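*Asks:* Quick note, the sequence shown lines up with residues 11 to 232 if you use full-length UniProt numbering. Just so it is clear, CB atoms sit at the ideal spot from N, CA and C, and this is done for glycine as well. Because the structure is a prediction, the values reported are computed rather than measured.
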Amino acid sequence: IRRGVIAIDGPAGAGKSTVAKRVADSLGFAYVDTGAMYRGITLLGMRTGIAPSDSGEKLTELVRSAELKFEAGSGGLRVYLNGEDVTRAIREPDVSRQVSYYARIPSVRQVLTLLQRELAVADGIVMEGRDIGTAVLPDAEHKFFVTATPLERAKRRLKELNQEGYRLDLDQLVREIEERDRIDSSRSVAPLCVAPDAVVIDTTDLTVDEVVAMIVAKVGNT
Ligand code: C5P
């Protein structure tokens, strides 16, 4: 029997990664965090001085670069740049601020979308991002759109960042999250939006356990 593909989309900081990882664990599925791929390209661009506003030629160089490697593991994707493990570095606030500008470049999306489809050939996979149910895997058996209010998302992100030793201001984080949503939702290729056949889960007043249970129950019933 085919176990299928679960697509989980939603805006920044909605708790998608935590939820997707837990759903994958509980079903014995693999987990692919597509945001890590966009973050990898962004870090590469920042380090090589290739800006999103650069010429098509330079951007082609960026996406063709063989220096970036993704490795699916139990804890999510590990990202390597020139052999260096940058799995942590791609989470830095500087990368978060830049990533939407790289993610709206059509050639970047084209290359990463193909890679994501290749990864999804494996059966039993949870793939998480912004456009999985709408553009990457429109035929996914199960689609969820996980969201929360910007304030709640900023609070969750702040807690995470504090644990990692970053000191950021809540108001600033709300603004950054809203800005990222705005760019992600208004780009021309595969903008962030709810797939017509997705189940929308507003997690503002829900715990991670509750969200995971809702998704696992829904997948089990269909
Ligand atoms: O999920 P995460 O916050 O790590 O994603 C970082 C950024 O990568 C998003 O804000 C978005 O610009 C981009 N992204 C995307 N499409 C995806 C996943 C992420 O455009 N499928």
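#1: What residue range does the beta strand (DSSP E) around A164 cover?
#2: Hey, quick one: how far does the beta strand (DSSP E) through I18 stretch, first residue to last?
#3: Going straight from the alpha carbon of D64 to that of M47, what length do you get?
#4: Looking at I100 and R49, is the spacing between their C-beta atoms short of 8 Å?
#5: Alpha carbon to alpha carbon, how far is E151 from F39?
#6: Does the beta carbon of A24 come closer than 8 Å to any beta carbon on chain D?
#7: Among D95, V96, V146, which residue has its Cα nearest to the Cα of Q120?
#8: Got a sec? Which residues, its chain only, sit under 8 Å from V96 by beta carbon, not counting five neighbours each side?
#9: Quick one, which of L168, E102, K228, A223 has its alpha-carbon nearest R32's?
#10: For the segment 39 to 73, which segments carrying the beta strand (DSSP E) assignment without a break, of at least 3 residues, lie completely within its bounds, in sequence order?
#11: Go through its chain and collect everything with a Cβ distance to Q182's Cβ below 6 Å, but skip five positions before and after it.
#12: Between the Cα of K79 and the Cα atoms of I60, R107, P116, L125, which residue gives the shortest distance?
#13: Any heavy atom of the ligand SAM closer than 7 Å to the CB of A208?
#14: Our contact map puts A24 next to A158 with C-beta atoms below 8 Å; I'd like the distance itself, whole angstroms only.
#15: With a threshold of 16 other CB atoms inside 10 Å of the CB of P160, please say whether the residue is buried or exposed.
#16: Kindly list the residues whose CB is nearer than 6 Å to the CB of A113, restricted to its own chain and excluding five residues on each side of it in sequence; keep chain order.
#17: Kindly identify the DSSP beta-bridge partner or partners of R88.
#18: Between which two residues does the beta strand (DSSP E) harbouring D212 extend?
#19: Between the segment 54 to 61 and the segment 70 to 77, do three or more beta carbon pairs fall short of 8 Å?
#20: Under 7 Å Cβ to Cβ from N92, same chain only, skipping five residues before and after it: list those, please.
#21: Smallest Cα separation from P148: which of E186, L216, R185, V204?
#22: Given 7 Å as the limit, tell me if R49 has its C-beta closer than that to any heavy atom belonging to the ligand C5P.
#23: What are the start and end residues of the alpha helix (DSSP H) that includes I193?
#24: Counting along the chain, where does the beta strand (DSSP E) carrying V136 start and finish?
*Replies:* Working from what's here:
#1: Here residue 164 refers to the residue found at position 154 of the sequence shown. For A164, no beta strand (DSSP E) segment is defined; the enclosing uninterrupted segment is the alpha helix (DSSP H) at 160 to 173.
#2: As a first step, residue 18 is located in the sequence shown; it is residue number 8 there, counting from the start. 15 to 19 is the extent of the beta strand (DSSP E) around I18.
#3: Here the question's residue 64 lines up with position 54 in the sequence shown. Here the question's residue 47 lines up with position 37 in the sequence shown. Between D64 and M47, the C-alpha separation is close to 20 Å.
#4: As a working mapping, residue 49 is identified with position 39 in the sequence shown. As a working mapping, residue 100 is identified with position 90 in the sequence shown. Taking 8 Å as the Cβ cut-off, R49 and I100 qualify as a contacting pair.
#5: For the purposes of this step, residue 151 is taken as the residue at position 141 of the sequence shown. For the purposes of this step, residue 39 is taken as the residue at position 29 of the sequence shown. When rounded, the distance between both Cα atoms is 14 Å.
#6: The question asks about chain D, but that chain is absent: this structure has only one protein chain.
#7: What you label residue 120 is simply residue 110 of the sequence shown in a count that begins at 1. Looking at the Cα atoms, V146 is the closest of the given residues.
#8: Mapped onto the sequence shown, residue 96 falls at position 86. So the qualifying residues of the chain are G50, L53, V89, Y90.
#9: Here residue 32 corresponds to residue number 22 of the sequence shown, with the count starting at 1. The option with the nearest alpha carbon to R32 is A223.
#10: 40 to 43
#11: The count along the sequence shown starts at 1 and reaches residue 182 at position 172. Excluding positions up to five away in sequence, the list is empty.
#12: Translated into positions along the sequence shown, residue 79 becomes position 69. The shortest Cα separation from K79 among I60, R107, P116, L125 belongs to L125.
#13: The ligand SAM is not part of the structure shown, which contains the ligand C5P as its ligands.
#14: Here the question's residue 24 lines up with position 14 in the sequence shown. Here the question's residue 158 lines up with position 148 in the sequence shown. About 5 Å separates the two Cβ atoms, so the contact holds.
#15: As a position in the sequence shown, residue 160 is number 150, starting the count at 1. Result: buried.
#16: Counted from its first residue, the sequence shown places residue 113 at position 103. The answer, listed in chain order, is Y48.
#17: Locating residue 88 in the sequence shown gives position 78, counting from the first residue. According to DSSP, which records beta bridges pairwise, R88 is partnered with E81.
#18: Position 202 of the sequence shown holds residue 212. Start and end: 209 to 212.
#19: Counting Cβ pairs under 8 Å, three or more are found: they touch.
#20: One-based indexing of the sequence shown puts residue 92 at position 82. Answer for N92: E77, listed in chain order.
#21: To locate residue 148, count along the sequence shown from 1; it is residue 138. That would be V204, whose Cα lies nearest to the Cα of P148.
#22: The residue you call residue 49 lines up with position 39 of the sequence shown. Result yes, Cβ under 7 Å from the ligand C5P.
#23: Here residue 193 refers to the residue found at position 183 when the sequence shown is read from its first residue. It spans 180 to 196 - the alpha helix (DSSP H) in which I193 sits, taken as one unbroken run.
#24: By 1-based counting over the sequence shown, the position of residue 136 is 126. Here the beta strand (DSSP E) through V136 covers 135 to 139.
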